[in-house]
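Peer 1: Below you will find the structure I want to go over with you.
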Amino acid sequence: MLKSWRFWIGLAISAVSLYFAFQGIRLDQVGEALRGMDYKWLVPATAMFLVSYGTRAFRWQLLFSPQKLRLSNVFHALNIGYFLSNILPARLGDVVRAYLLGDMEGVSKARALSTVVVERLFDGLAVVLVLAATAFFVPNIPDGAPQGALGVAAAGIAGIAFLLVLSFHKARGLALLRRIISPAPLLRSEKLWSTLENLVDGFAVLRSPRPVFGVGAWSLAAWGLGGLMFWTMMQAMSLNLALPAAFLVMTVTSLVVVVPSSPGYVGVFHYAATLTLTSVFNVDKSTAFSYAVVMHAFNYIWLIALGVYSIWHEGLSYQRLQMIQAEKPETAAAKTSHIP
Numbered sequence: 148m149l150k151s152w153r154f155w156i157g158l159a160i161s162a163v164s165l166y167f168a169f170q171g172i173r174l175d176q177v178g179e180a181l182r183g184m185d186y187k188w189l190v191p192a193t194a195m196f197l198v199s200y201g202t203r204a205f206r207w208q209l210l211f212s213p214q215k216l217r218l219s220n221v222f223h224a225l226n227i228g229y230f231l232s233n234i235l236p237a238r239l240g241d242v243v244r245a246y247l248l249g250d251m252e253g254v255s256k257a258r259a260l261s262t263v264v265v266e267r268l269f270d271g272l273a274v275v276l277v278l279a280a281t282a283f284f285v286p287n288i289p290d291g292a293p294q295g296a297l298g299v300a301a302a303g304i305a306g307i308a309f310l311l312v313l314s315f316h317k318a319r320g321l322a323l324l325r326r327i328i329s330p331a332p333l334l335r336s337e338k339l340w341s342t343l344e345n346l347v348d349g350f351a352v353l354r355s356p357r358p359v360f361g362v363g364a365w366s367l368a369a370w371g372l373g374g375l376m377f378w379t380m381m382q383a384m385s386l387n388l389a390l391p392a393a394f395l396v397m398t399v400t401s402l403v404v405v406v407p408s409s410p411g412y413v414g415v416f417h418y419a420a421t422l423t424l425t426s427v428f429n430v431d432k433s434t435a436f437s438y439a440v441v442m443h444a445f446n447y448i449w450l451i452a453l454g455v456y457s458i459w460h461e462g463l464s465y466q467r468l469q470m471i472q473a474e475k476p477e478t479a480a481a482k483t484s485h486i487p
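Going from the sequence shown to the working numbering is simple: count from 1 and add 147.
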C-alpha cells in the first residue's frame, strides 16, 4: 500500500484539503460548538444510520436475483467491505466484500463484483438526482448547478443503459470491445476476457424490470435516510437549517469523496462540508467545520464498529483478510473506485 502512488497522491490531497478547511478556524469556537452538542439527537441519527445500511443489504441481495442469498451473509460482507474501504485506499473494500460474499455463498466472484459495479452506478445516479431535486429548493445555489446535476444523472442513466444492452447482447458487445482494444497487447489476456465475460453475466439482473425498480427504490431509500441523518446531526449541533440543506451537504460530500484521498476520506469530506455550509448557507466557518468533524466522526465510528463486529461474527483473521485482498485484481479496484 505504501508503495502505491495513488496512496501518496490521496494523502497529499487530504492534507491540502485539511489545510484549506482549517483556514480562518477559531479553535475556541470549535471547542465551544463541540461542548454544546445536544447528544440526544444521536439516538435518531444512529437509528437512521443502521436502517440505511439495512436497506443497502436488501439492495445488494436483490442484485443476485433470482438467486436468493442469505441476508445475514450479505449484511456482514457489506459491513466488512465498508470497514476496509475506510482504512484502505482506492475503495479496495468493495472488491474484498465481493470476493468474501463469493466465498460465503458459493457464487462467482466476478458475478459478485459485477453487482458492486451496478450498485455503485445506482448510487451515483441516486446522488445526482437527489442533488438536482435539492438544488431547486436552495436559494443560494450556484447558477447552473441543478442543470449540471441533471446532466450527470443523464450520464448515469446512459451507463446503466449500456450495461443493459451489454447484458442482452453479450456476444456482439464483447466482440466489438475486442476490436476496439485489440491494438493494446496487455488487454488481450484470455484471463482478463474470461473475467470480463463473467462480469457481463452478472449484469443479467438488469434484464428484469422488477429487480431494476427494486434496486432503484432501495437506493433512493438509503440516500433519503442518509439525508435525514445529516439533518438530525445538524440539530445536534444547533444548526437551524431546513432539510434541503442537509441533503445538499450529503450529496456534495458524497460526490467529492470520489477524489483520491486518504483512507476514510479525511480532509476532502471536511473541506466539502465546510465550504458548502459557509458559501451556500452563510454558516460561521468554525461552526461549519465543527459539524463536519462530528458528522465524519459519527459515520466513521459506526462503520468501524459494524465492520469489527462482522469480522468477529464471521471469525475472520487478519491473515485471511490479507489473503482475500491479495487475490483481488488491481483492475477490479479501478472499476469501483471512481463511483460514489
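Using N, Cα and C, we set each Cβ at its ideal position, and we do this for glycine too.
Model, not experiment: these values are computed from the prediction.
Since V277 and T193 should fall inside the 8 Å C-beta cutoff, what is the C-beta to C-beta distance between them, to a whole number of angstroms?
Peer 2: Their Cβ separation, rounded to whole angstroms, is 22 Å, which puts V277 and T193 out of contact at 8 Å.
Peer 1: Between L158 and R326, what straight-line distance do the alpha-carbon atoms span, to the nearest angstrom?
Peer 2: Roughly 38 Å between the two C-alpha positions.
Peer 1: Span of the alpha helix (DSSP H) holding G394?
Peer 2: First, the residue type needs correcting, since residue 394 is Phe and not Gly in the sequence shown. Residues 390–403.
Peer 1: On a CA-only basis, which of V362, A420, S219 is nearest W378? Give me that one, please.
Peer 2: Answer by Cα proximity: A420.
Peer 1: With 9 Å as the threshold, decide whether the Cβ of R182 is near any Cβ in chain D.
Peer 2: Considering every chain present, this structure includes no chain D. It has just one protein chain.
Peer 1: On a Cα-Cα basis, can you pick out the residue from I234, S212, I304 that is closest to S261?
Peer 2: Measuring from the Cα of S261, the nearest candidate turns out to be S212.
Peer 1: By Cβ distance below 7 Å, which residues in the same chain neighbour M195 in space, the five residues on each side in sequence not counted?
Peer 2: The residues are L372, L375, M376, T379.
Peer 1: Within the same chain, show all residues whose beta-carbon is closer than 7 Å to that of A479, passing over the 5 residues directly before and after it, in chain order.
Peer 2: Because the pLDDT of A479 is 45, which lies under 50, any placement of that residue in the model is unreliable, and the question is left without a value.
Peer 1: Is Q214 helix, strand or coil when you go by DSSP?
Peer 2: Q214 falls in the coil class under three-state DSSP.
Peer 1: Does the distance from the C-beta atom of N226 to that of L453 stay below 9 Å?
Peer 2: It is a contact, given that the beta carbons lie within the stated cut-off.
Peer 1: State the CB to CB distance for the pair I471 and Y229, rounded to an integer number of angstroms; the pair is presumed to be in contact (CB under 8 Å).
Peer 2: I471 to Y229, Cβ: 15 Å. No contact.
Peer 1: What is the rounded straight-line gap between the Cα of Y166 and the Cα of A180?
Peer 2: So the alpha carbons of these two residues sit roughly 20 Å apart.
Peer 1: Check Q382 in the structure and name its three-state DSSP category.
Peer 2: Helix, per DSSP.
Peer 1: Pick out whichever of I160, V347, L231 has its Cα sitting closest to the Cα of Y465.
Peer 2: It is L231 whose Cα lies nearest to the Cα of Y465.
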